[in-house]
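One point on numbering: in my numbering, the residue at position 80 of the sequence shown is 66, and numbering is uninterrupted.
In this text, a Cβ means the ideal position worked out from N, Cα and C, and glycines have one as well.
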Amino acid sequence: MSRGRAGGGLAAALLATLGLAALRDTAPATRTPLVWASSDRYRILLDVDPRGVRRSHSPASVDVDFAAELAARGEAGALDENTIEVVAYDAFGRPRDFDRARGPDRALLPWRLEHAYPLSRARLSFVMPDERATRYAVYFDTVEAGRSRPPRYPGIVGDGDLFTEGYGRREIAASAYDTFVDLDGDGDLDLVKGGTEPFLYVYENVGGGRFVARGRLTSGGEVLAFPHDERNR
């Protein structure tokens, strides 16, 4: 099986988050190699600094542009989010068990991907099991590769997950907080949803009465946030 480059050749980026920041491993060749632990062809290696304190199921995050990662590996396909797997490693480069009750998936960590419209970059959040787990691999592949399994619930990260009873698709409709506007210039009205958060969420009109979630609305490459004050409650 061919393997993609572990580092991907893209610059490391530090991300300020409410939890911990994950950094790109820029020198994997000088360290203990990490065992390949997925059927996916590509991976990104990350480091997380526990900041000198004990950790237990702490959230960590990093910004990832999967489209750029695939392009850097000469891959023209589109990311299949159902192939994403995050694995923590021990000091010997072996995958660490996170939940042994999950059998072959026992090493997989809970994760969440937050998109920002219209950027290809997304924020990947995942669980840091403890302060000893400082090295991670994010595995992924393309839709065209056909490696995806049926959608798996990725678990709870613990820093703002949307948790509802049941796991399935629900129809998207507008409420009093929302409006319709053609954001992508294709002649269809896309849905922009507001609410109690200081963000706007974009749902692209893909035809046939269906709207697809595209993430938080951005401006100038950053998520557009509306402060809570006396004019905006």
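Query, Result
"With 16 other CB atoms within 10 Å as the buried threshold, where does A8 fall?", "buried"
"Hey, quick one: how far does the beta strand (DSSP E) through A54 stretch, first residue to last?", "Unbroken run through A54 is the alpha helix (DSSP H), 52 to 58; no beta strand (DSSP E)."
"With distances taken from CA atoms, which of V192, G180, K179 is nearest G173?", "V192"
"Measure the C-alpha to C-alpha separation of E117 and S42 and round it to an integer number of angstroms.", "7 angstroms"
"Got a sec, what are the start and stop residues for the beta strand (DSSP E) L177 sits in?", "176 to 179"
"Using DSSP with H/G/I as helix, E/B as strand and the rest coil, what is R41?", "coil"
"On a CA-only basis, which of V188, F197, V124 is nearest L56? Give me that one, please.", "V124"
"Going by beta carbon distance, what residues of the same chain come within less than 8 angstroms of L1, once the five residues before and after it are set aside?", "At L1, the pLDDT of 36 sits below 50, so the modelled position is not reliable; the number obtained from the coordinates is stated separately. Answer for L1: A7, A8, S47, V48, D49, R109, listed in chain order."
"So, helix, strand or coil for R196, using DSSP?", "strand"
"Of the choices R202, G201, E183, M114, whose alpha-carbon is the least far from that of R40?", "M114"
"Using three-state DSSP, classify D147 as helix, strand or coil.", "coil"
"With distance defined between alpha-carbon atoms, name the residue in Y139, V34, Y163 nearest to L177.", "Y163"
"Could you work out which residue in G180, A74, G60 is closest to L31 when comparing CA atoms only?", "A74"
"If you reduce the DSSP assignment to three classes, tell me which class L0 lands in.", "Bear in mind that the predicted position of L0 carries a pLDDT of just 32, short of 50, making it unreliable; the figure below should be weighed with that in mind. Residue state, collapsed to three classes: coil."
"Going by DSSP, what residue range makes up the beta strand (DSSP E) through L32?", "28 to 34"
"In three-state DSSP terms, what is E67?", "helix"
"Return the chain-ordered list of same chain residues with a C-beta closer than 8 angstroms to the C-beta of A160, the five sequence neighbours on each side being excluded.", "F166, L177, K179"
"Is it right to say A119 is buried, meaning 16 or more other beta carbons lie within 10 angstroms of its own, or is it exposed?", "buried"
"Residues in its own chain within less than 7 angstroms of L169 by CB, not counting five upstream and five downstream?", "D176, V188"
"Exposed or buried, which one is S111 when buried takes at least 16 other CB atoms within 10 Å?", "buried"
"Leaving out five residues before and five after G206 in sequence, what residues of the same chain have Cβ atoms less than 6 angstroms from its Cβ?", "none"
"Determine the DSSP secondary structure at R10, reduced to helix, strand or coil.", "strand"
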